[in-house]
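The structure under discussion appears below in the form of structure tokens.
In my numbering, the protein residues as written are 1 to 376.
As structure tokens, then:
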């Protein structure tokens with residue numbers, strides 16, 4: 001419409017796609033019928049013919065005629081303009097399509113390159129994951145040879161892993177050798193002491209000697225249990241024993257009987273508050289050691305004439321203390337963490353035994369009080 005307006009203002013000088021007509025008779029055939037209706041001044045669009053027409057009133061310059069004004073027509077052929085506009089859209093769509101295609105190709109190429117780049121790393125990780133450091137074979141060493149992965153970063157990583165596995169294998173071999181040697185060296189003295197005790201039992205002993213013999217027998221039994229547990233932790237070959245089910249109460253009673261001699265001169269009683277009769281799944285010997293450690297610490301740290309030592313047995317917990325009597329007080333009393341320097345095996349070893357079986361162990365002990373808890 002703007003171009004038609006400018007063309008009307010500059011009439012009769014028109015551009016190539018504009019033509020002027022002085023009367024309706026000279027118009028194209030498709031516009032003659034419409035022009036004969038004497039349309040008013042203005043702009044008209046004919047979409048079917050792709051023509052825009054401006055109607056102008058002009059002076060005919062003939063004084064003889066009564067009609068001094070008549071219509072003139074400026075016809076604007078817009079076919080070319082619309083075609084160029086459509087072509088612009090097609091060019092725009094083509095450019096967008098090319099950009100999108102290049103983007104998709106670049107993304108796909110990046111994924112392919114990335115997968116090829118990390119493929120050796122993934123292969124190396126899978127190989128290492130399938131290797132058991134404690135049972136390295138010749139085939140395992142062949143699968144992680146650094147020569148299979150070239151001299152790039154993956155090769156450097158493979159060489160590092162290969163060296164590390166060699167060190168681990170050597171360490172495992174040394175540990176096994178030491179454990180086997182220690183097993184023999186530790187058991188031999190215990191066997192000798194046990195045999196000597198059996199010979200002494202057959203002889204006539206005084207009451208004082210019998211008490212001393214009983215203490216030696218208990219210490220020998222504790223040492224034997226300790227050695228067996230240490231070897232079990234070092235070897236970790238008795239996995240089948242970690243699935244046993246056993247009652248808690250018999251082990252608690254046994255621990256009290258073994259450690260009661262510590263209370264003989266203290267005039268302190270032991271109260272058992274059995275709220276349940278639980279069963280535990282795990283290593284029975286490890287649980288017995290933990291219970292013995294709790295009871296021994298409680299007996300050792302209780303002074304003469306103090307309150308009775310209370311042992312609460314619940315469905316999932318064993319609580320030992322010499323400061324509370326009721327279940328409510330036991331629930332409120334929370335054992336604090338103590339350094340691993342207790343009696344028996346020591347809290348550090350007991351803690352490791354509990355971690356191996358999935359139990360929770362805590363102990364607070366000082367000169368006057370003990371609060372210990374073993375949960376499962």
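Glycine residues also receive a C-beta, built at the ideal position from the N, C-alpha and C atoms.
Residue range of the alpha helix (DSSP H) that residue i falls in?
i: residue 286; result: 284-301
i: residue 258; result: 248-259
i: residue 27; result: Counting along the chain, residue 27 falls outside any alpha helix (DSSP H), and DSSP gives it neither H nor E.
i: residue 317; result: First-last for residue 317: 317-321, but that is the beta strand (DSSP E), not the alpha helix (DSSP H).
i: residue 37; result: Here residue 37 belongs to no alpha helix (DSSP H), and DSSP marks it neither H nor E.
Determine the DSSP secondary structure at residue i, reduced to helix, strand or coil.
i: residue 271; result: strand
i: residue 139; result: helix
i: residue 214; result: helix
i: residue 280; result: strand
i: residue 312; result: strand
i: residue 202; result: coil
i: residue 127; result: helix
i: residue 145; result: coil
i: residue 351; result: helix
i: residue 152; result: coil
i: residue 177; result: helix
i: residue 169; result: helix
i: residue 265; result: coil
i: residue 187; result: helix
i: residue 12; result: coil
i: residue 115; result: helix
i: residue 307; result: coil
i: residue 222; result: helix
i: residue 132; result: coil
Here's a check: name, in chain order, each residue in its chain whose Cβ is nearer than 8 Å to the Cβ of residue i, leaving out the five neighbours to either side.
i: residue 383; result: Only positions 1 to 376 of the chain appear in the structure, and residue 383 is not among them; the question remains open.
i: residue 27; result: 21, 35, 73, 75
i: residue 32; result: 24, 25
By Cβ distance below 6 Å, which residues in the same chain neighbour residue i in space, the five residues on each side in sequence not counted?
i: residue 317; result: 375
i: residue 54; result: 4, 8, 43, 74
i: residue 217; result: 197
i: residue 327; result: In this predicted model, residue 327 has a pLDDT of only 46, less than 50, meaning its place in the structure is not dependable enough to derive any value.
i: residue 380; result: Absent from the structure is residue 380, since the part of the chain shown begins at 1 and ends at 376.
Sort out for me which residues DSSP pairs residue i with in a bridge.
i: residue 42; result: 55
i: residue 365; result: 370
i: residue 70; result: 58
i: residue 360; result: 375
i: residue 77; result: 51
i: residue 245; result: 281
Please confirm whether residue i and residue j have their CB atoms less than 8 Å apart.
i: residue 41; j: residue 56; result: yes
i: residue 244; j: residue 283; result: yes
i: residue 248; j: residue 313; result: yes
i: residue 274; j: residue 299; result: no
i: residue 228; j: residue 285; result: yes
i: residue 297; j: residue 210; result: no
i: residue 79; j: residue 21; result: no
i: residue 262; j: residue 291; result: no
i: residue 270; j: residue 308; result: yes
i: residue 383; j: residue 256; result: Missing from the structure shown is residue 383; the chain here goes from 1 to 376 and no further.
i: residue 156; j: residue 121; result: no
i: residue 30; j: residue 59; result: no
i: residue 301; j: residue 222; result: no
i: residue 266; j: residue 294; result: no
i: residue 131; j: residue 165; result: yes
i: residue 161; j: residue 128; result: yes
i: residue 109; j: residue 158; result: no
i: residue 306; j: residue 268; result: yes
i: residue 177; j: residue 357; result: no
Beta strand (DSSP E) containing residue i: first to last residue?
i: residue 18; result: 18-21
Among the residues of its own chain, which have a CB less than 7 Å from the CB of residue i, if the five just before and after it don't count?
i: residue 183; result: 231
i: residue 45; result: 52
i: residue 276; result: 313, 314, 315
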